[in-house]
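Numbering (this note's numbering), first residue to last: 3 to 141. Glycine included, C-beta positions come from ideal geometry on N, C-alpha and C. Computed from a prediction, not measured in an experiment: that's the story for all the values here. To keep things clear, I will list the structure first and then write my remarks on it.
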Amino acid sequence: MATNRTFTMIKPDAVSAGNTGAITKMIEEAGFRIVAVKKTQLTPERAGQFYAIHKERPFFKDLCSYMSSGAIVPMILEKENAVEDFRKLIGATDPQKAAPGTIRNLFAKSIEANAIHGSDSDENAEIEGSFFFAKTECF
Ligand code: IDP
Ligand code: MG
């Protein structure tokens, strides 16, 4: 099961810009099935827990404040080879380096406000999905 799923969240810059629908359409058209979805907002503390792996990085505090600055749309997605295919669909972290046609290339504002998250492994997809959703919220 885990190998077929990934976790994403549409970040505050893209939600506030009104790009939730356009991004979700790209995700579905790329063949991902939405297993769980909601709209919510992180506190700076919860953003820090989500990004705990980056706590020693110089941008950590800014990242927590940005990620809690507005609503986000977390989702669990299902597709064959989900983690790798989704990272391809979103493009590089820095939108300047993201390939043409990728979600970050089309919608990201900066390396920090880069529109969307995508899990980097099956293990993290499971951990990150459980951070936002109970099993009973997955369909
Ligand atoms: P990823 O989201 O492509 O996996 P990570 O290196 O895991 O990239 O970084 C997590 C998030 O932290 C990025 O998506 C971005 O929002 C932010 N970030 C990464 N590198 C920088 C940076 O150099 N400056 C500011 N923010 C950054
Ligand atoms: Mg990452």
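A residue is called buried once 16 or more other Cβ atoms fall within 10 Å of its Cβ, and Ile74 is buried on that count. DSSP places Gly50 within a helical segment (H, G or I) once states are collapsed to three. Minimum Cα-Cα distance from Lys81 among the listed residues Thr26, Gly23, Asp15, Glu30 corresponds to Glu30. Assignment of Glu30 by DSSP, reduced to helix, strand and coil, places it in the helix class. Secondary structure note for Phe9: its beta strand (DSSP E) is the uninterrupted segment 7-12. Using a Cβ distance threshold of 9 angstroms, Ala110 and Ala49 do not count as a contacting pair. Ala115 and Lys13 do touch by the CB rule: their CB atoms are close to 7 angstroms apart, below 8 angstroms. The Cβ atoms of Leu91 and Met28 sit closer than 9 angstroms to each other.
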